[in-house]
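Take the position in the sequence shown, starting the count at 1, then add 351; the result is the number in this note's numbering.
A quick write-up on the structure given underneath.
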Amino acid sequence: MDGRRAVVAELLRRGIDRGELDPTRDVDYATDLIFGPFWYRLLADHAPLDPAAAPAHVARLLAGFQVDG
Numbered sequence: 352m353d354g355r356r357a358v359v360a361e362l363l364r365r366g367i368d369r370g371e372l373d374p375t376r377d378v379d380y381a382t383d384l385i386f387g388p389f390w391y392r393l394l395a396d397h398a399p400l401d402p403a404a405a406p407a408h409v410a411r412l413l414a415g416f417q418v419d420g
């Protein structure tokens, strides 16, 4: 799992470096927010995992991390 987290964190940092994402946001927290709902569904058997839902979930999260303007 650490490898996957590292990849996502690096992608977020690249977005910050390009000026697309707000540099005041916490990259580790954003990474947790990306993975958290999927782990919850998997571990709590709350609902089935739907790979097709992943892009929309990430897009909603990233919208909150974009630079204003």
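Quick reminder that beta carbons are idealized off the backbone N, C-alpha and C, glycines included.
Measuring CA to CA, which of Asp379, Asp373 and Asp368 is closest to Ala360? Asp379
Below 6 Å CB to CB, which residues in the same chain sit around Arg392 once its five sequence neighbours on both sides are set aside? Ala398 and Leu400
Is it buried or exposed for Phe386, if we count other Cβ within 10 angstroms and need 16 for buried? exposed
Could you spell out the range, first to last residue, of the alpha helix (DSSP H) harbouring Val359? Asp353 to Asp368
Closest to Arg356 by C-alpha separation, out of Asp383, Gln417 and Pro406, would be which residue? Asp383
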